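*Asks:*
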Amino acid sequence: MELKLVYRFLRQVSDWVVDNYYSEVVVEGEENVPIHGPIIIASTHHNEMIDIAALAAKLPHRRHLAFWAKASMFKNPLGRAVMTSSGAIPVRRNPNNAANADAKVKDGASTALSTEEELAARASLFRETTLVLKNDGVVGIFPEGTSCTGWRVFQTMPGAAWAALEYTRAIQGEEGAQGVKIVPVAITYTDKSEYLSRIHIRYGEPIRLDDYVDELLAKGTDPNVAAKSVASKVTAEIEARLVQITVNAPDWEAICATKTATQILWTDEDRIPLGKWVDFNQRFVALLDDSLSGGDLSVKDRLCKYNALLHYSGIEHRALASLLPSPTSTSVLAPATVSMLTRLPLAVLKFTLFFPSLLFVLPGYFTGPLAKRLLAKPEEEEGFSQFKAIAGGLGVGANIALLFGALWRFQDAGYYAGAGASHKLGRIAQTLGVTYLGATLLMRWHNLLVKGNYKNLKLLQTYWKILRFSASRSVALDASQLESYKKPPHPVVNPFIKSKYLSDLPPHPPHPPANSSKKLLAYLFDARRDAEAALGRHLDESTGNGGLRRVMEKAGAKVPVIKGQRVFVNGNYLA
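In UniProt numbering, the protein residues as written are 1 to 575.
Laid out in structure tokens, this is it:
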């Protein structure tokens, strides 16, 4: 049995990252991953390295997971040693990449050589994968081929299907060899880049390659033709299973509208049971798409407008609704101030209890955002959390090193000592043990209290913006200026994805210039009222959604009822 020390270390790091950056991780469908037997994990991939960490940390039975990894990561000796020890399998980059095609030289000899190398690399990939599966292993593959931010499963590459087929062909005639299962996995984030958001991991019903053996090995049929036919069917089945257990919308606006609808209905999204998250969101997509609610704007348009203004104002609906429960109030400062003063005593108590543990992790709150700013591409949300989580962990690690140094000096000064402390190795072991216990206690202390204090911080930031808005003289934006703030920003199209869902897309709305939130708040308040009113009316009027409404209300949703109206003229409200 191989120790795979690097993998075990990286899995422990994954445990720390997933459990400390996200506030909750719920795993369902564990019964679909057996304790033994060859398995291919075919997972969605919307959050770069965090997806890898989530699978490694939360795979049922703590089974070892061998990932397909980019071949470039194996080029230097150190990288090769790390990747090999972690059980990674080298794979060429997604063939959809235009750069791969451009890299091929156009003359015939070079093209033939490139094709020959590609076939050799493919054979090596499947040979290594088959070896892992024969050893009762689990192989992790992201069939989408790359990580992206989008509104649905865009594509499913055939790699997972071919890996399963090659293994199936390789074990024919071997007595006692087990057939491979492909387990589709959906990793769903409530807000993948946001600190203290939540993760839902669902292991779907496995696809059994034994069901395709007769067709694959049919006599009188060209083996290559049979293999291509089976690979196509298995790939289509993988995509169908992934679509079934994920949220899939017709466009980005539908995703933004659905997100805002859930925020309005629950106010605090943490109250939505994670096990129902995908189902609720998928049903909202169908409910809100192309639905009209009076006037010339659909419910989706109104929710998107509110979503965009929240984004550009830097405000969360949860914080705004906590400070201003009524969206139709003609005054904003007075109710917001009363709400803050009411919460102040408990907030001060919570922060006082939280403060010692905050000092311990404080460097991480600086190193994480700094790494994101320096290393992440601003247009690629799927890369944000990996830099924030890992760099934040390194910042906390620096404080752990300082704690070790302080304990070592205290031991030198005679403040504490134990058995074996007279020997250097004993002193090191003792100090390491005390450091580990202290760091573990402080992290648990921090994680127990951080969420409430983080919400209070968001409330304070929102109140400050309301205060500035109320104290300033409102300046109305003209229609052309305001229009650019009514559209939520779109994710960039990943060049590795070639999908029918990305063809003939309308141009993305331009990014508006940075603007002070105090100039946008009046429009934000109006957009909130319109969005809540439209959503409430639509849920009341739509036919066939009574069952959905009852299920939502049973899960804690509150359908908004707007009784009053406000009129906004030249940057001011008229009662």
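Note that the Cβ used here is the ideal one computed from N, Cα and C, for glycine as well.
The structure presented is a predicted model; accordingly, all values stated were derived computationally and were not measured.
Specify whether the stretch 363 to 376 and the stretch 500 to 517 touch according to this definition: at least 3 beta carbon pairs, one from each stretch, less than 8 angstroms apart.
*Replies:* Contact fails: fewer than three Cβ-Cβ distances are below 8 angstroms.
*Asks:* Who are the near neighbours of Glu144 in its chain, counting only those whose CB is closer than 8 angstroms to its CB and skipping five residues on each side?
*Replies:* Within the same chain, Glu144 has close Cβ partners Thr44, His45, Val153, Phe154, Gln155, Thr156, Met157 and Ile497.
*Asks:* Under 8 angstroms between the Cβ atoms of residue 630 and Ala308?
*Replies:* Absent from the model: residue 630. The displayed extent of the chain is 1 to 575, so no value can be given.
*Asks:* Use the C-beta contact count for Ser193: other C-beta atoms within 10 angstroms, 16 or more gives buried, fewer gives exposed.
*Replies:* Classification for Ser193: buried.
*Asks:* Name the one or two DSSP bridge partners that Trp68 has.
*Replies:* According to DSSP, Trp68 bridges with Ile89.
*Asks:* Are the CB atoms of Val132 and Ala66 within a distance shorter than 8 angstroms?
*Replies:* For Ala66 and Val132, yes; Cβs fall inside 8 angstroms.
*Asks:* Could you check which residue in Leu265, Lys181 and Ser516 has the C-alpha nearest to that of Pro532?
*Replies:* The sequence shown places Glu at residue 532, rather than the Pro named in the question. Out of Leu265, Lys181 and Ser516, Leu265 has the C-alpha closest to the C-alpha of Glu532.
*Asks:* Run through the DSSP bridge pairs and tell me what Glu118 is partnered with.
*Replies:* Looking at the DSSP assignment, Glu118 forms no beta bridge with any residue, so it has no partner.
*Asks:* Between the C-alpha atoms of Asn4 and Arg80, what's the straight-line distance to the nearest angstrom?
*Replies:* The sequence as given places Lys at residue 4; Asn does not occur at that position. Between Lys4 and Arg80, the C-alpha separation is close to 14 angstroms.
*Asks:* Suppose only complete runs of 4+ residues qualify. What are the alpha helix (DSSP H) ranges in the stretch 4 to 30, listed by chain order?
*Replies:* If we require 4 residues or more, the alpha helix (DSSP H) runs fully inside the stretch 4 to 30 come out as 5 to 21.
*Asks:* Using beta-carbon positions only, say whether Val13 and His64 come within less than 8 angstroms of one another.
*Replies:* No, Cβ-Cβ distance for Val13 and His64 is not below 8 angstroms.
*Asks:* To the nearest whole angstrom, what separates the beta carbons of Ala347 and Ile238, a pair I think is in contact under 8 angstroms?
*Replies:* About 48 angstroms separates the two Cβ atoms, so there is no contact after all.
*Asks:* Suppose the cutoff is 6 angstroms on Cβ atoms and the five residues either side in sequence are ignored; what does the same chain contact list for Lys487 look like?
*Replies:* Counting only Cβ-Cβ distances below 6 angstroms, and skipping sequence neighbours, we find Ala308 and Pro509.
*Asks:* Pull up the distance between the alpha-carbon of Val105 and that of Ala120, whole angstroms please.
*Replies:* Below a pLDDT of 50, predicted positions are generally treated as unreliable, and Val105, at 43, falls in that range; no measurement from the model is reported.
*Asks:* Excluding five sequence neighbours on each side, which residues of the same chain lie with their C-beta closer than 6 angstroms to the C-beta of Ala57?
*Replies:* For Ala57, where only same-chain residues beyond five positions count, the Cβ hits under 6 angstroms are Ser14, Asp15 and Val18.
*Asks:* Among Phe404, Tyr22, Gly150 and Leu448, whose alpha-carbon lies nearest the alpha-carbon of Gln430?
*Replies:* It is Phe404.
*Asks:* In the DSSP assignment, the alpha helix (DSSP H) including Lys192 goes from what residue to what residue?
*Replies:* Note, Lys192: premise wrong, no alpha helix (DSSP H); not H, not E.
*Asks:* Would you kindly report the start and end of the unbroken beta strand (DSSP E) that includes Ala42?
*Replies:* Looking at the DSSP string, the run of the beta strand (DSSP E) that includes Ala42 is Ile39 to Ser43.
*Asks:* Closer than 7 angstroms by C-beta to Asp136: which residues in its own chain qualify, once you throw out the five before and the five after it? Chain order, please.
*Replies:* Here the set comprises His36, Gly37 and Pro38.
*Asks:* So, do the stretch 187 to 205 and the stretch 245 to 261 have three or more beta carbon pairs nearer to each other than 8 angstroms?
*Replies:* Contact between the stretch 187 to 205 and the stretch 245 to 261 is present, because at least three Cβ pairs lie under 8 angstroms.
*Asks:* According to DSSP, which residues form a beta bridge with Tyr203?
*Replies:* DSSP output for Tyr203 lists Val185 as bridge partner(s).
*Asks:* What span of residues does the alpha helix (DSSP H) with Val278 cover, start to end?
*Replies:* Here the alpha helix (DSSP H) through Val278 covers Trp277 to Leu288.
*Asks:* Buried or exposed for Ala99, going by 16 or more other Cβ atoms inside 10 Å?
*Replies:* Residue confidence for Ala99 is low, a pLDDT of 45 falling below 50, so the modelled location carries little weight and cannot support an answer.
*Asks:* Measure the alpha-carbon distance for Val338 versus Leu467 and round it to whole angstroms.
*Replies:* So the two alpha carbons sit approximately 13 angstroms from each other.
*Asks:* For Trp252, which residues in the same chain have their Cβ closer than 8 angstroms to its Cβ, ignoring the five residues on either side in sequence?
*Replies:* These residues qualify, in order along the chain: Gly150, Trp151, Pro488, His490 and Pro491.
*Asks:* Would you tell me roughly how many angstroms separate the C-alpha atoms of Gly383 and Gly395, rounded to the nearest one?
*Replies:* Cα to Cα, Gly383 sits roughly 19 angstroms from Gly395.
*Asks:* Hey, could you find the ends of the beta strand (DSSP E) Gly140 is sitting in?
*Replies:* Per DSSP, Gly140 belongs to the beta strand (DSSP E) from Val138 to Ile141.
*Asks:* Taking 8 angstroms as the cut-off, decide whether the C-beta atoms of Val6 and Ser85 are in contact.
*Replies:* In this structure, Ser85 lies closer than 8 angstroms to Val6 by Cβ.
*Asks:* Ignore the nearest five residues each way along the sequence and tell me which others in Ile52's own chain have a CB closer than 7 angstroms to its CB.
*Replies:* Excluding positions up to five away in sequence, the list reads Phe67.
*Asks:* Drop a sphere of 10 angstroms on the beta-carbon of Asp530, count the other beta-carbons inside from all chains shown, and report buried for 16 or more, exposed for fewer.
*Replies:* Buried, since its Cβ has 16 or more Cβ neighbours within 10 Å.
*Asks:* For the stretch 324 to 336 against the stretch 514 to 530, are there 3 or more C-beta pairs whose distance is under 8 angstroms?
*Replies:* Cβ pair count under 8 angstroms is three or more, so yes.
*Asks:* For Arg473, name the three-state secondary structure that DSSP assigns.
*Replies:* Of the three classes helix, strand and coil, the one that applies to Arg473 here is coil, per DSSP.
*Asks:* Here's a check: name, in chain order, each residue in its chain whose Cβ is nearer than 6 angstroms to the Cβ of Leu125, leaving out the five neighbours to either side.
*Replies:* So the qualifying residues of the chain are Val91.
*Asks:* Have a look at Ala471, Leu548 and Glu541 and flag the residue whose alpha-carbon is nearest the alpha-carbon of Val561.
*Replies:* Residue Glu541 is the option with its Cα nearest to Val561.
*Asks:* With 16 as the cutoff for other CB atoms within 10 Å, does Glu316 come out buried or exposed?
*Replies:* The residue in question, Glu316, is buried, as its Cβ has 16 or more Cβ neighbours within 10 Å.
*Asks:* Compute every distance between the C-beta of Asp279 and the non-hydrogen atoms of the ligand MN, then say whether any falls below 7 angstroms.
*Replies:* No copy of the ligand MN appears in this structure; indeed no ligand is present at all.
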